[in-house]
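Asker: Take the sequence shown: its position 3, counting from 1, is numbered 8 in my numbering, and each next residue is one higher. Note that beta-carbon positions come from the ideal geometry of N, C-alpha and C, so glycine has one too.
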Amino acid sequence: MPSQFRPCIDLHSGQVKQIVGGTLHDSDSSQLQTNFATTKPASEYARLYQEHKLVGGHVIMLGPGNEQAAIEALSAYPQGLQVGGGITVDNAPLWISRGASKVIVTSWLFPQAQFSRDRLQQISQAVGREKLVVDLSCRRRENGWIVAMNRWQTLTDMVISKQCLEELAEYCSEFLVHAADVEGLCRGIDKDLVAALAEWSPIPVTYAGGASSLDDLRLVNQLSHGKVDLTIGSALDIFGGKQVKFADCVAWNQ
């Protein structure tokens, strides 16, 4: 099966937005670069994805003030969307009960930016391995790709590697990987990262970051031999982009 297009709904301050990932800071909103913002509710996008039978998409809550919009999206497309952003062992079962197909966890796994296997085991037991996605969004450094947390601002102690992905895969059914350095820039994907994920990961992976054309979907398919799926955000026409038509992505999946 070829690589699939995976849809997304990114929420910031309760609105559907597309953001340049590297500009998302806790303390300084003036640095935030937004490619797209709309008054359309998140539920409208969820219904669009349901109408076209798109599965495996994700709703990401970027900071506070997004819970209600996420709940409405999940209600519009129950069992059709994953949810992430602020997920912990305490609230993960609640999000599953609200209609999320899976929960996506990142920062909670890294107290003081140090990976906690105990926490991974806890949340995997709380919702079940099949309902858990581990987000390994990362930044490129000299020694490879370092997992970043706290809205991609804080580097953790985890370097993405074959051994790392194999160990994590015991507790989750899927990985989501945003290449934070190219996220929202629409200048092309991190080809090396896509190839590495395909080679190293024993479970399905969705890559996000930098996709600027339908050719990027073909490229991900080629580089990964169909093992890695692609999320396209800012370049999509439904998010104000001019490079990629949503209809073409739907047609690709079919």
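Please report how far the alpha carbon of I109 lies from the alpha carbon of S142, in whole angstroms.
Answerer: Near 11 angstroms, if we compare the C-alpha coordinates of S142 and I109.
Asker: Could you give the C-beta distance for E172 and I208, rounded to a whole number, given that I count them as a contact under 8 angstroms?
Answerer: Not quite, the Cβ-Cβ distance comes to about 12 angstroms (not below 8 angstroms), so this is no contact.
Asker: Can you tell me the Cα-Cα spacing of P12 and N148, whole angstroms?
Answerer: Cα to Cα, the separation comes out at about 31 angstroms.
Asker: Report the three-state DSSP secondary structure of D220 (helix, strand or coil).
Answerer: The answer is helix: DSSP assigns D220 an H, G or I state.
Asker: Do the segment 122-134 and the segment 92-103 make contact, defined as three or more Cβ pairs closer than 8 angstroms?
Answerer: Result yes; three or more Cβ-Cβ pairs closer than 8 angstroms.
Asker: Identify which residue in I237, A203 and Q168 has its Cα closest to the Cα of G193.
Answerer: Out of I237, A203 and Q168, I237 has the C-alpha closest to the C-alpha of G193.
Asker: Does S18 come within less than 8 angstroms of chain C when only Cβ atoms are used?
Answerer: Given the protein chain composition of this structure (a single chain), no chain C is represented.
Asker: Can you say whether A256 is buried or exposed, counting buried as having 16 or more other CB atoms within 10 angstroms of its CB?
Answerer: The residue in question, A256, is exposed, as its Cβ has fewer than 16 Cβ neighbours within 10 Å.
Asker: Below 8 angstroms between beta carbons: does that hold for Y54 and G85?
Answerer: Yes. Within cutoff.
Asker: Applying the 10 Å Cβ sphere with the 16-neighbour rule, what's the burial state of S34?
Answerer: Residue confidence for S34 is low, a pLDDT of 49 falling below 50, so the modelled location carries little weight; the figure read from the coordinates is stated next. It is exposed - the Cβ of S34 has fewer than 16 other Cβ atoms within 10 Å.
Asker: Going by Cα to Cα distance, which pick from L59, G90 and T211 is closest to G70?
Answerer: Closest option to G70, Cα to Cα, is G90.
Asker: Within a Cβ cutoff of 7 angstroms, which residues of the same chain sit near V264, ignoring the five residues on either side of it in sequence?
Answerer: Residue 264 is absent from the model: the chain starts at 6 and stops at 259.
Asker: Under the three-state reduction of DSSP, which class applies to V260: helix, strand or coil?
Answerer: As displayed, the chain neither begins before 6 nor continues past 259, which places residue 260 out of reach and without an answer.
Asker: So, are the CB atoms of S239 and Q73 less than 8 angstroms apart?
Answerer: No. Outside cutoff.
Asker: Would you say the beta carbon of Q87 comes nearer than 7 angstroms to a heavy atom of the ligand ATP?
Answerer: Among the components of this structure there are no ligands whatsoever, and the ligand ATP is therefore not found.
Asker: Would you kindly check if the distance between the Cβ of C169 and the Cβ of L137 is under 8 angstroms?
Answerer: No.
Asker: Going by the CB atoms, is the gap between L67 and G104 shorter than 8 angstroms?
Answerer: Not a contact, by the Cβ cut-off of 8 angstroms.
Asker: Given this structure, state the Cα-to-Cα distance separating L99 from Y82, to the nearest angstrom.
Answerer: Roughly 16 angstroms separates the two Cα atoms.
Asker: Taking buried to mean at least 16 other C-beta atoms within 10 Å of its own C-beta, is E188 buried or exposed?
Answerer: It is buried - the Cβ of E188 has at least 16 other Cβ atoms within 10 Å.
Asker: What first and last residue would you give for the alpha helix (DSSP H) that runs through R124?
Answerer: It spans R122 to V132 - the alpha helix (DSSP H) in which R124 sits, taken as one unbroken run.
Asker: Helix, strand or coil: which one does DSSP assign to V249?
Answerer: If DSSP states are grouped into helix, strand and coil, V249 belongs with the strands.
Asker: Report buried or exposed for Q117, applying the criterion of at least 16 other Cβ atoms within 10 angstroms of its Cβ.
Answerer: Exposed, by the Cβ-count rule.
Asker: Going by beta carbon distance, what residues of the same chain come within less than 7 angstroms of K45, once the five residues before and after it are set aside?
Answerer: Result list for K45: V21, in chain order.
Asker: Tell me whether W150 sits in a helix, a strand or coil according to DSSP, three-state version.
Answerer: Three-state result, W150: strand.
Asker: How many Å lie between L219 and Y50 at the Cα?
Answerer: Each residue's alpha carbon lies about 20 angstroms from the other.
Asker: By the three-class DSSP mapping on this structure, what secondary structure does K136 have?
Answerer: If DSSP states are grouped into helix, strand and coil, K136 belongs with the helices.
Asker: Decide if Q87 is buried, meaning its Cβ has at least 16 other Cβ atoms within 10 Å, or exposed.
Answerer: The residue in question, Q87, is buried, as its Cβ has 16 or more Cβ neighbours within 10 Å.
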